[in-house]
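Below is one structure, written out as structure tokens; comments come after it.
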Amino acid sequence: MSCTRGCWMGALLLAATAMVACGDGGNDDQNAGGAGGVGGAGGTGGTAPVHAPLIGDGTPESVRFTVIADAEDGLAVPRDLGFHPGREGELWVANRQDDGTTIIFDATGAAENSEHRVDGFAEHFMEEVSSIAFGAQNYRDDWSFGTCQESENTYNDQYAPNYFMGPALWSAHLDVFAINNPEGLGSHLDMLHESPNCMGIAHQSENVYWVFDGHHGQIVRYDFQQDHDAGYDDHSDGIIHFLAEPRVVRVPDVPSHLVMDLESRRLYVADTGNQRILWIDPRGASKVKSMIGKERGTIVEEWGGQEWGELVPASAGLLQAPSGLALHGGYLYVGDNATGEILAFDLEGNLVNRLTTGVAPGALMGLEPGPDDRLYFADATGRIVRIEPAAE
391 MSCTRGCWMG ALLLAATAMV ACGDGGNDDQ NAGGAGGVGG AGGTGGTAPV HAPLIGDGTP
451 ESVRFTVIAD AEDGLAVPRD LGFHPGREGE LWVANRQDDG TTIIFDATGA AENSEHRVDG
511 FAEHFMEEVS SIAFGAQNYR DDWSFGTCQE SENTYNDQYA PNYFMGPALW SAHLDVFAIN
571 NPEGLGSHLD MLHESPNCMG IAHQSENVYW VFDGHHGQIV RYDFQQDHDA GYDDHSDGII
631 HFLAEPRVVR VPDVPSHLVM DLESRRLYVA DTGNQRILWI DPRGASKVKS MIGKERGTIV
691 EEWGGQEWGE LVPASAGLLQ APSGLALHGG YLYVGDNATG EILAFDLEGN LVNRLTTGVA
751 PGALMGLEPG PDDRLYFADA TGRIVRIEPA AE
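For the sequence shown, the positions run 391 to 782 when the working numbering is used.
Structure below.
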């Protein structure tokens with residue numbers, strides 16, 4: 391890709407502004423930026439360390455935005471992205487418009503090659519895909535990944551909704567994904583059907599994922615257990631736990647992403663409709679009651695007793711429509727879909743940095759830290775963008 395296509399500065403950098411004022415409401419600890427204030431060095435004449443450096447020092451001059459993929463690569467309302475854990479620089483992008491996936495090779499470099507794939511039965515297993523999360527290396531020596539679908543199962547508006555929808559499990563093997571189709575059911579490895587309008591997904595371990603269930607307004611743990619191999623349909627061994635609290639609110643067309651801190655075991659949630667960021671420690675949860683599942687053999691239960699709280703409450707006045715989340719270097723980066731801003735918080739909930747991207751309201755979607763210590767984001771107008779220091 392040429393620099394004409396790849397270098398995205400100009401009007402965006404002129405339009406971007408450093409946001410150094412604290413939000414209305416909340417307490418002093420919530421809105422303080424720590425040493426140097428919001429933006430770090432930008433707050434004290436350049437003497438303080440920069441906090442959350444993936445977005446520079448919060449000023450437009452400190453970063454540049456490079457478009458690494460666009461419509462020429464098959465992007466069609468990209469909503470989320472994830473780096474393959476085992477093939478360096480390989481970035482997978484979930485596209486809502488065609489239920490497809492764009493794979494960008496060497497995304498951390500020139501990103502000159504890409505491939506666009508649509509699964510053989512994407513109109514169900516990846517219909518209105520909202521989110522993607524890579525999982526474990528457990529299928530043909532390659533990684534699996536999960537997706538959520540913002541769908542009520544209409545097969546792309548061909549039928550009335552029946553709400554038989556939820557997260558799906560896939561193989562990232564390039565000879566399997568969107569290639570295998572043995573029973574006419576595409577290449578999916580598994581699917582469980584208790585969460586219509588699934589807005590976000592995060593991996594925990596093996597085939598265990600957490601999702602934002604937009605239909606029921608709950609956070610749900612899905613254990614696919616053993617996959618059924620590519621393209622088959624035995625979903626009977628799934629284990630599904632609905633958390634009784636906290637309750638969350640979906641905003642249509644705005645993914646509510648999740649990310650799990652594997653060290654602290656905390657799950658972070660963009661509760662879009664409630665304008666807040668949640669943390670959940672599920673380790674103390676236990677069964678409250680059994681529930682009736684939609685599929686034969688699956689175990690569906692409600693669980694309670696977990697610890698949870700608001701990392702960034704709505705009362706802080708900092709977020710309008712939190713959507714994308716990325717955890718890196720002890721900071722949580724949050725993309726605000728309504729404003730096009732990326733805000734960075736420490737894990738105590740203090741705002742430490744923020745950057746205006748210039749992306750149109752309603753277009754900033756998933757965030758993803760790369761293996762190159764750069765932050766990547768999905769722009770639903772049809773771009774994947776890398777943020778990097780302006781000095782490079």
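Note that the Cβ used here is the ideal one computed from N, Cα and C, for glycine as well.
On a predicted model such as this, the values are computed, not experimentally measured, just so you know.
By a C-beta neighbour count over all protein chains shown, 10 Å radius and 16 as the cutoff for buried, is residue i buried or exposed?
| i | result |
| --- | --- |
| residue 558 | buried |
| residue 552 | exposed |
| residue 539 | buried |
| residue 665 | buried |
| residue 642 | exposed |
| residue 392 | Since pLDDT at residue 392 reaches only 31, below the 50 mark, its modelled position is unreliable, and the value read off the structure follows with that caveat. By the neighbour-count rule (16 or more Cβ atoms within 10 Å), residue 392 is not buried but exposed. |
| residue 652 | exposed |
| residue 517 | buried |
| residue 513 | buried |
| residue 529 | buried |
| residue 572 | exposed |
| residue 500 | exposed |
| residue 616 | exposed |
| residue 756 | buried |
| residue 719 | exposed |
| residue 527 | exposed |
| residue 748 | buried |
| residue 808 | The question about residue 808 has no answer here: the residues shown for the chain are numbered 391 through 782. |
From residue i to residue j, what does the alpha carbon distance come to, in whole angstroms?
| i | j | result |
| --- | --- | --- |
| residue 591 | residue 545 | 21 Å |
| residue 779 | residue 455 | 9 Å |
| residue 710 | residue 662 | 8 Å |
| residue 632 | residue 440 | 39 Å |
| residue 506 | residue 485 | 10 Å |
| residue 645 | residue 481 | 19 Å |
| residue 580 | residue 671 | 26 Å |
| residue 683 | residue 564 | 33 Å |
| residue 759 | residue 614 | 26 Å |
| residue 768 | residue 447 | 21 Å |
| residue 731 | residue 457 | 17 Å |
| residue 562 | residue 445 | 29 Å |
| residue 657 | residue 548 | 36 Å |
| residue 630 | residue 453 | 42 Å |
| residue 677 | residue 473 | 34 Å |
| residue 773 | residue 494 | 12 Å |
| residue 502 | residue 647 | 28 Å |
| residue 686 | residue 680 | 14 Å |
| residue 459 | residue 754 | 15 Å |
| residue 537 | residue 523 | 7 Å |
Helix, strand or coil, according to DSSP, for residue i in the structure here?
| i | result |
| --- | --- |
| residue 534 | strand |
| residue 602 | strand |
| residue 444 | helix |
| residue 558 | strand |
| residue 597 | coil |
| residue 491 | strand |
| residue 525 | strand |
| residue 781 | coil |
| residue 621 | coil |
| residue 513 | helix |
| residue 705 | helix |
| residue 645 | coil |
| residue 753 | coil |
| residue 450 | helix |
| residue 674 | helix |
| residue 564 | coil |
Please say whether residue j and residue i have beta carbons closer to each other than 8 Å?
| i | j | result |
| --- | --- | --- |
| residue 725 | residue 714 | yes |
| residue 612 | residue 442 | no |
| residue 556 | residue 511 | no |
| residue 519 | residue 568 | no |
| residue 668 | residue 701 | yes |
| residue 465 | residue 492 | yes |
| residue 595 | residue 688 | no |
| residue 534 | residue 560 | yes |
| residue 735 | residue 659 | no |
| residue 589 | residue 637 | no |
| residue 727 | residue 699 | no |
| residue 467 | residue 750 | no |
With a threshold of 7 Å (Cβ to nearest heavy atom), would residue i be considered close to the ligand GDP?
| i | result |
| --- | --- |
| residue 645 | The ligand GDP is absent from the structure shown, which contains no ligands of any kind. |
In the DSSP output, which residue or residues are listed as bridge partners for residue i?
| i | result |
| --- | --- |
| residue 776 | 456, 766 |
| residue 470 | 484 |
| residue 743 | 734 |
| residue 712 | 726 |
| residue 679 | 692 |
| residue 630 | 612, 690 |
| residue 668 | 659, 700 |
| residue 651 | 656 |
| residue 503 | 495 |
| residue 581 | 558 |
| residue 815 | This structure gives no information on residue 815, because the portion of the chain shown stretches from 391 to 782. |
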